[in-house]
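First to last, the sequence lines map onto chains V and S.
Quick note, the first sequence lines up with residues 2 to 213 if you use the working numbering.
Quick note, the second sequence lines up with residues 463 to 472 if you use the working numbering.
For each residue, glycine too, the CB sits at the ideal point set by N, CA and C.
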Amino acid sequence: MNIFRLTGDLSHLAAIIILLLKIWKTRSCAGISGKSQILFALVFTTRYLDLLTSFISLYNTSMKFIYIGCAYATVYMIYAKFKATYDGNHDTFRVEFLVVPIGGLAFLVNHDFSPLEILWTFSIYLESVAILPQLFMISKTGEAETITTHYLFFLGLYRALYLMNWIWRFYFEGFFDMIAIVAGVVQTILYCDFFYLYVTKVLKGKKLSLPA
Amino acid sequence: KADEATHDEL
Chain V
2 MNIFRLTGDL SHLAAIIILL LKIWKTRSCA GISGKSQILF ALVFTTRYLD LLTSFISLYN
62 TSMKFIYIGC AYATVYMIYA KFKATYDGNH DTFRVEFLVV PIGGLAFLVN HDFSPLEILW
122 TFSIYLESVA ILPQLFMISK TGEAETITTH YLFFLGLYRA LYLMNWIWRF YFEGFFDMIA
182 IVAGVVQTIL YCDFFYLYVT KVLKGKKLSL PA
Chain S
463 KADEATHDEL
């Protein structure tokens with residue numbers, strides 16, 4: 002464990018909690034892409050099956066349960082509890098165009114052709130593009146609530162911190178996982194446009210609105 | 463190989 006990975010995990014946890022609280026407190030999931038949240042639930046489910054097979058640490062196990070629990074609670078709130086506030090007309094990204102090719106890629110490019118490893122690889126690839134429906138929805142509505150931009154900021158920051166974690170681990174431990182690194186770079190690059198808008202607008206107190 | 467198989471990161 003190093004400072005980049007710890008702050009990365011805490012940033013990820015912060016993002017997940019911010020979104021959960023936003024929906025719970027405002028009793029509304031306006032502006033939130035349910036499709037992205039389903040993809041995240043799928044990412045955690047396929048990645049954390051090793052909860053059943055191996056124990057790494059209390060921290061590792063408890064964080065995995067928290068992530069999975071929050072992900073499903075968020076999906077439940079969007080599609081059941083606060084369904085009336087779900088903006089399905091703007092959440093129209095064709096996720097099947099993501100899931101199917103990535104499923105194929107996970108079979109072709111992985112570290113080990115075993116079920117758990119292929120599912121882990123699928124999860125890594127899927128996470129790198131899981132935010133696309135959310136970013137697509139914001140581009141369609143042309144704006145995002147400020148609390149949603151904070152959610153996206155911490156979510157994007159977490160993988161950027163993981164990139165630093167992998168540099169640290171390569172230098173000090175000689176450890177590197179090319180699949181996670183390449184997917185992590187793609188994932189972080191997808192947030193660059195948002196990061197620019199976040200820093201130049203939201204941090205200056207303006208509302209995040211895209212040129213419609 | 464071994465260290466990749468057991469993924470210790472979240």
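When we look at the beta-carbon of residue i and count the other beta-carbons within 10 Å, is it buried (16 or more) or exposed?
{"i": "Leu-472/S", "result": "buried"}
{"i": "Asn-111/V", "result": "buried"}
{"i": "Lys-463/S", "result": "Per-residue confidence for Lys-463/S stands at a pLDDT of 42, beneath the threshold of 50, marking its modelled position as unreliable; no derived number is given."}
{"i": "Arg-6/V", "result": "buried"}
{"i": "Gly-214/V", "result": "No information on residue 214/V is available, as it lies outside the stretch 2 to 213 that chain V covers here."}
{"i": "Ile-39/V", "result": "buried"}
{"i": "Pro-134/V", "result": "buried"}
{"i": "Met-78/V", "result": "buried"}
{"i": "Met-138/V", "result": "buried"}
{"i": "Lys-205/V", "result": "exposed"}
{"i": "Ile-132/V", "result": "buried"}
{"i": "Val-200/V", "result": "exposed"}
{"i": "Gly-175/V", "result": "exposed"}
{"i": "Glu-128/V", "result": "buried"}
{"i": "Leu-153/V", "result": "buried"}
{"i": "Ile-1/V", "result": "For chain V, the structure presents residues 2 to 213; residue 1/V sits outside this window and is missing."}
{"i": "Tyr-87/V", "result": "buried"}
Quick check on this structure: which residue in the options has the alpha carbon closest to the alpha carbon of residue i?
{"i": "His-91/V", "options": "Trp-169/V, His-151/V, Lys-141/V", "result": "Lys-141/V"}
{"i": "Thr-27/V", "options": "Thr-62/V, Thr-147/V, Gly-104/V, Asn-3/V", "result": "Thr-147/V"}
{"i": "Ile-182/V", "options": "His-13/V, Ile-168/V, Thr-93/V", "result": "Ile-168/V"}
{"i": "Tyr-159/V", "options": "Ile-79/V, Phe-123/V, His-13/V", "result": "His-13/V"}
{"i": "Cys-71/V", "options": "Lys-202/V, Ala-15/V, Trp-121/V", "result": "Ala-15/V"}
{"i": "Leu-11/V", "options": "Phe-56/V, Ile-67/V, Ile-33/V", "result": "Ile-67/V"}
{"i": "Lys-202/V", "options": "Phe-176/V, His-151/V, Leu-164/V", "result": "His-151/V"}
{"i": "Ala-74/V", "options": "Val-96/V, Phe-94/V, Phe-45/V", "result": "Phe-45/V"}
{"i": "Ser-29/V", "options": "Thr-149/V, Lys-65/V, Asp-194/V, Thr-189/V", "result": "Thr-149/V"}
{"i": "Met-179/V", "options": "Ser-210/V, Ala-161/V, Thr-122/V", "result": "Thr-122/V"}
{"i": "Tyr-80/V", "options": "Leu-50/V, Ile-33/V, Ala-107/V, Arg-48/V", "result": "Ile-33/V"}
{"i": "Leu-162/V", "options": "Glu-144/V, Thr-189/V, Leu-198/V", "result": "Thr-189/V"}
{"i": "Glu-118/V", "options": "Phe-41/V, Val-76/V, Thr-47/V, Phe-195/V", "result": "Thr-47/V"}
{"i": "Lys-207/V", "options": "Tyr-172/V, Ala-145/V, Phe-173/V, Leu-52/V", "result": "Ala-145/V"}
{"i": "Val-101/V", "options": "Val-130/V, Arg-170/V, Met-165/V", "result": "Val-130/V"}
{"i": "Ile-24/V", "options": "Ser-37/V, Met-64/V, Lys-36/V, Phe-83/V", "result": "Phe-83/V"}
{"i": "Tyr-197/V", "options": "Val-186/V, Val-187/V, Leu-209/V", "result": "Leu-209/V"}
{"i": "Leu-136/V", "options": "Val-186/V, Leu-21/V, Phe-94/V, Leu-20/V", "result": "Phe-94/V"}
Give the range of the alpha helix (DSSP H) segment to which residue i is assigned.
{"i": "His-13/V", "result": "4–27"}
{"i": "Val-238/V", "result": "Here chain V comprises residues numbered 2 to 213, so residue 238/V is not present and cannot be evaluated."}
{"i": "Ile-119/V", "result": "116–130"}
{"i": "Gly-139/V", "result": "The identity of residue 139/V in the sequence shown is Ile, whereas the question assumes Gly. Counting along the chain, the alpha helix (DSSP H) containing Ile-139/V begins and ends at 133–142."}
{"i": "Arg-48/V", "result": "35–48"}
{"i": "Leu-52/V", "result": "Segment: none, Leu-52/V is in no alpha helix (DSSP H) and carries neither H nor E."}
{"i": "Asn-61/V", "result": "59–77"}
{"i": "His-112/V", "result": "Where His-112/V is concerned, there is no enclosing alpha helix (DSSP H), given that its DSSP letter is neither H nor E."}
{"i": "Phe-154/V", "result": "147–174"}
For chain B, find out if any of its Cβ atoms is closer than 8 Å to the Cβ of residue i; answer yes or no.
{"i": "Arg-160/V", "result": "Here the protein chains are V and S, and chain B is not one of them."}
Kindly give me the distance between the Cβ atoms of residue i and residue j, rounded to whole angstroms, as I take these residues to be in contact under 8 Å.
{"i": "Tyr-126/V", "j": "Ala-184/V", "result": "6 Å"}
{"i": "Tyr-192/V", "j": "Gly-143/V", "result": "Not really, about 19 Å apart at Cβ, beyond 8 Å."}
{"i": "Thr-62/V", "j": "Leu-52/V", "result": "6 Å"}
{"i": "Val-96/V", "j": "Lys-36/V", "result": "5 Å"}
Practice item. Closer than 8 Å, Cβ to Cβ, to anything on chain S: give me those residues from the region 106–122 of chain V, in chain order. Key: His-112, Asp-113, Glu-118, Trp-121
Exercise for review: Mind checking the region 62–89 of chain V against chain S and listing, in chain order, the residues whose C-beta falls within less than 9 Å of any C-beta there?
Suggested key: Going along the region 62–89 of chain V in chain order, one finds Met-64, Lys-65, Tyr-68 with a Cβ nearer than 9 Å to chain S.
Exercise for review: Return the residues of the region 9–34 of chain V that lie within a Cβ-Cβ distance of less than 9 Å from chain S, sorted by chain order.
Suggested key: Gly-9, Asp-10, His-13
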